[in-house]
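For reference, the structure discussed in these notes is given below.
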Amino acid sequence: MPASTTPARRGATISGWGTALPPHVVTNADFEARLDTTDEWITERTGIRERRHGSSTAALAIEAGRAALDMAGLTGDDIDLVLLATTSPDYQIPSTASQVQDELGIRGGACDINAACSGFVYGLVQAHGLIAMGLNRVLLIGAETLSRLTDQEDRNTAILFGDGAGAVVLEATDDAGQLLAFDLGSDGSARKLLDAPIGGYMQMNGKEVFRRAVTVMVQSANTSLASAGISADDLALVVPHQANIRIIEAACSRLNVDADRVATVLATTGNTSSASIPLALVDALDSGRVKKGDHVLLVGFGAGMSWASAVIRWTGHLPEVAS
Ligand code: UT7
């Protein structure tokens, strides 16, 4: 059975969201001062100007999660499950979600999801599935401290990755909810292209990951769009994984989606893996770029090599700016 489908059960909707970034800003000039690189190279080849370093995955997840709960008018006691997408957990054992569950006073269960940069969309789909099965409210967080997994002396990777978190609250609805379709996938035979051993640093074949990223994002997006019964023309917004502006531009151009329909934050966050899609989504929501009824495509790819896309029709809460 394919890993894509069109759900038609008890639905869910996003009722709150929040983000967290550590305060320490690392600029391209900071790297220029100590590595064989330049601001010009980094900006032109990646679109990244600065990223944040510091904190812990749990601390960022808790800050973003608390903001999402506050916005939804809920406390931890209202939440049936916390799903934490992360590829940089604070401990080998236990899950980082267990600390989030404790500190936010969440009544229900807690677990981490590791699907690298696709993790948040994997979590979104899982949250919808569990709500379809009877849960009422799920807190979904993408949080990373990738600066810990990156050799800060390696110009190939140090300039790319940053730390941060984004969170959403999903609540059951009486209707079909927001999620129209999704596509989840993985090509484990390519897993050596991007990995980090336990206790070691990330290594990546950047060129090959780049090439695959563009192809896979477009394929997965088209699969989800077809399952949803809409075309790219119907999209108000694409929220892609934030790895490299050239990957985003190449993929969106193949989808015939122009830049003013694409959410990007990577210039100021760098690549934050599981956190990148919620950071970009929240930025777009807070800027009033999403209106009721809009179709939004979320699409991620990353280590594994994993990919995930989802089409939602926005039925959820809207911030003041958009109303
Ligand atoms: O989250 C999902 C996983 N990650 C990604 O999606 C990242 C995918 N890959 C990329 O974004 C790009 O491949 C990179 C940004 C990593 C590299 O860009 P590129 O245009 O593919 O460069 P390249 O690897 O072809 O390297 C071109 C040159 C090389 O030098 P030589 O061999 O031509 O002399 C690199 O050594 O650029 C050199 N280079 C740098 N030069 C200055 C690599 N990193 C740097 C650097 N500053 N930081």
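The number in my numbering is simply the position in the sequence shown, starting from 1, with 221 added.
C-beta: ideal position from N, C-alpha, C; glycine also.
Under the three-state reduction of DSSP output, aspartate 375 falls in the coil class, being neither helix nor strand.
Straight-line measurement puts the Cα of alanine 457 at about 20 Å from the Cα of alanine 397. Between isoleucine 283 and leucine 325, the C-beta gap is smaller than 8 Å, which places the two residues in contact.
Per DSSP, reduced to three states, the secondary structure at histidine 349 is helical. In the structure shown, tryptophan 535 falls within a coil segment according to DSSP collapsed to helix, strand and coil. Minimum Cα-Cα distance from threonine 308 among the listed residues Gly514, Ser497, Leu502 corresponds to Ser497. Checking the 7 Å criterion, the Cβ of cysteine 338 is within range of a heavy atom belonging to the ligand UT7. When the alpha-carbon of valine 486 is set against those of Val303, Phe382, Ser236, the nearest one is in Phe382. For phenylalanine 252, the enclosing alpha helix (DSSP H) has its first and last residue at 249 to 253. Per DSSP, reduced to three states, the secondary structure at valine 511 is coil, with no helix or strand assignment. A straight-line Cα-Cα distance of about 5 Å links glycine 286 and alanine 388. The DSSP-derived three-state label of serine 527 is strand.
Within the DSSP secondary-structure output, glutamine 424 pairs in a beta bridge with Asp416.
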